[in-house]
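S.K.:
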Amino acid sequence: MKIWFDIVNSPHVRFFHSIIRYLEDQGEEVLVTTRRFGDVHRLLDLFGIEYTLVGWHGVTLEEKLIRSTQRAYELSQIISREKPDVAVSKHSIELPRVSYGLKIPSVYVLDNEHAIAANKLTLSLCDKIILPEVIDREAVIRCGADPDHLYSYNGTSEITHLVDFQYNPNIFQDLKLDLKKEKTILMRPEPALASYLDADCRKTVLSPIVEALEDQANILVIPRFWEQQKIFEKDENITLIKPPVDTFSLMKACDLVIGAGGTMNREAALLGTPVISCYPGDLLSVDSFYIERGLMKRSTHPDEIVGMARELLQNNHQRPQLSTDNLFKIIIDSIYQSGGG
0 MKIWFDIVNS
10 PHVRFFHSII
20 RYLEDQGEEV
30 LVTTRRFGDV
40 HRLLDLFGIE
50 YTLVGWHGVT
60 LEEKLIRSTQ
70 RAYELSQIIS
80 REKPDVAVSK
90 HSIELPRVSY
100 GLKIPSVYVL
110 DNEHAIAANK
120 LTLSLCDKII
130 LPEVIDREAV
140 IRCGADPDHL
150 YSYNGTSEIT
160 HLVDFQYNPN
170 IFQDLKLDLK
180 KEKTILMRPE
190 PALASYLDAD
200 CRKTVLSPIV
210 EALEDQANIL
220 VIPRFWEQQK
230 IFEKDENITL
240 IKPPVDTFSL
250 MKACDLVIGA
260 GGTMNREAAL
270 LGTPVISCYP
280 GDLLSVDSFY
290 IERGLMKRST
300 HPDEIVGMAR
310 ELLQNNHQRP
320 QLSTDNLFKI
330 IIDSIYQSGG
340 G
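Going by numbering that gives the first Met the number 0, the sequence shown opens with residue 0, and the numbers climb by one from there.
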């Protein structure tokens with residue numbers, strides 16, 4: 000069986016890595032496509048995943064439309080030639096359009112109900128949609144999803160990221176970090192270029208939080224792109240971490256994670272590191288999954304976030320037990336069922 004994966008964002012590399020490796024070990028043929036966006040291709044290189052680079056990510060609405068259309072055209076040429084048995088993606092705009100047009104069964108992983116534009120463009124074209132049960136099914140159906148095509152599970156997509164994770168306790172030394180203070184905080188700015196978030200990539204909600212905490216802890220920041228790097232690079236109290244790195248070991252080694260995005264916050268929660276979400280958009284259902292279980296805190300008010308951070312840095316917190324479904328098995332089974340394997 001030949002399986003096509005379209006990996007369009009950095010977190011998706013970790014998400015699909017163990018799945019791709021398993022399928023290859025089973026003797027299946029895997030085709031991976033990606034786009035020029037952030038660190039996606041560098042992470043694919045880091046994980047040793049072969050890929051075909053197709054198209055670019057757009058910044059403005061006009062660019063997004065033009066580049067997505069161009070990418071769908073280029074992918075359709077590749078995929079019509081490769082003839083995969085099943086297509087798999089997580090929030091790819093182009094894969095559902097191409098697979099539907101070429102009559103290739105598709106498995107689509109969804110974890111953001113607020114990406115309305117993207118969901119309306121894709122969900123009606125997908126044969127199987129795998130989503131956390133914490134997401135309101137009606138919200139997904141309103142975007143065009145067929146209710147008979149929905150498969151809900153207990154947990155979030157980050158569960159698969161840790162399938163083959165091995166902690167590196169020497170991560171600080173390996174990165175040659177000069178950490179002068181006892182406590183260390185890892186921060187991640189917001190996904191300002193995402194279509195579902197109205198944000199200025201030349202600013203970040205982290206700035207006042209960094210200013211308030213940089214004299215109390217080592218501050219590590221992983222910027223998403225060049226504009227965010229420019230915000231922090233002149234501050235001598237901040238250490239910029241340039242991807243790709245072993246972010247799992249880094250998060251586990253830190254005393255606290257403060258993130259204005261989503262994926263790394265949820266990964267930190269699974270790793271047992273105290274985490275505060277300051278995501279500036281509407282609360283995601285997948286974040287509420289961890290907040291309700293005491294594994295994540297959330298605020299959009301800098302003063303409150305600073306207070307939470309100081310408390311978490313001072314106190315030892317026991318990690319609540321978390322029970323989830325086996326998402327890895329769910330996806331593998333869905334691929335074989337859809338592809339006729």
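Beta carbons are placed, not taken as given, at the ideal position from N, Cα and C, and that holds for glycine. Remember, it's a predicted structure, so these values are computed and weren't measured experimentally.
1. Within the continuous beta strand (DSSP E) that includes Ala349, where are the two ends?
2. Taking one C-beta from the region 147–161 and one from the region 321–336 each time, how about it: are there three or more such pairs within less than 8 Å?
3. Is it true that the CB of Val7 sits closer than 8 Å to the CB of Leu43?
4. Just curious, the alpha helix (DSSP H) that Thr68 is in, first and last residue?
5. Where does Ser287 sit, in a helix, a strand or coil, going by DSSP?
6. Where does His297 sit, in a helix, a strand or coil, going by DSSP?
7. Going by alpha carbons, who is nearest to Glu226 out of Asn118, Leu239 and Asp5?
8. Report the residue from Asp126, Glu291 and Leu176 whose alpha carbon sits nearest the alpha carbon of Arg96.
9. Have a look at His113 and Leu212 and give me their C-alpha separation to the nearest angstrom.
10. If you compare alpha carbons, which of Leu311, Lys241, Cys277 and Ser298 is closest to Gly271?
11. Could you tell me which residues DSSP puts in a beta bridge with Leu219?
12. To the nearest angstrom, how far is the alpha carbon of Leu219 from that of Thr33?
13. Going by DSSP, what residues sit across from Val29 in a beta bridge?
M.R.: Short version:
1. This structure does not reach residue 349, given that the chain is present from 0 up to 340, and the question cannot be answered.
2. Yes, the region 147–161 touches the region 321–336.
3. Locating residue 43 in the sequence shown gives position 44, where the first residue counts as 1. Locating residue 7 in the sequence shown gives position 8, where the first residue counts as 1. Contact flag unset, no.
4. Taking the first residue of the sequence shown as 1, we reach residue 68 at position 69. Going by DSSP, Thr68 is part of the alpha helix (DSSP H) stretching over Leu60 to Glu81.
5. Position 288 of the sequence shown holds residue 287. The three-state reading of DSSP puts Ser287 in helix, counting H, G and I together.
6. Here the question's residue 297 lines up with position 298 in the sequence shown. A quick correction: the sequence has Arg, not His, at residue 297. If DSSP states are grouped into helix, strand and coil, Arg297 belongs with the strands.
7. Sequence index remark: in the sequence shown, residue 226 carries index 227 (1-based). Of the residues Asn118, Leu239 and Asp5, the one whose Cα lies closest to the Cα of Glu226 is Leu239.
8. As a position in the sequence shown, residue 96 is number 97, starting the count at 1. For Arg96, the nearest C-alpha among the options comes from Asp126.
9. Residue mapping note: residue 113 aligns to position 114 of the sequence shown, counting from 1. Residue mapping note: residue 212 aligns to position 213 of the sequence shown, counting from 1. C-alpha separation (whole angstroms): 31 Å.
10. Translated into positions along the sequence shown, residue 271 becomes position 272. Cα-wise, what sits closest to Gly271 is Leu311.
11. Taking the first residue of the sequence shown as position 1, residue 219 is located at position 220. DSSP lists Leu185 and Thr238 as partners of Leu219.
12. Residue numbering aside, residue 219 sits at position 220 when the sequence shown is read from its first letter. Residue numbering aside, residue 33 sits at position 34 when the sequence shown is read from its first letter. When rounded, the separation of the alpha-carbon atoms in Leu219 and Thr33 is 28 Å.
13. Position 30 of the sequence shown, counted from the first residue, corresponds to residue 29. Beta-bridge pairing links Val29 to Ile2.
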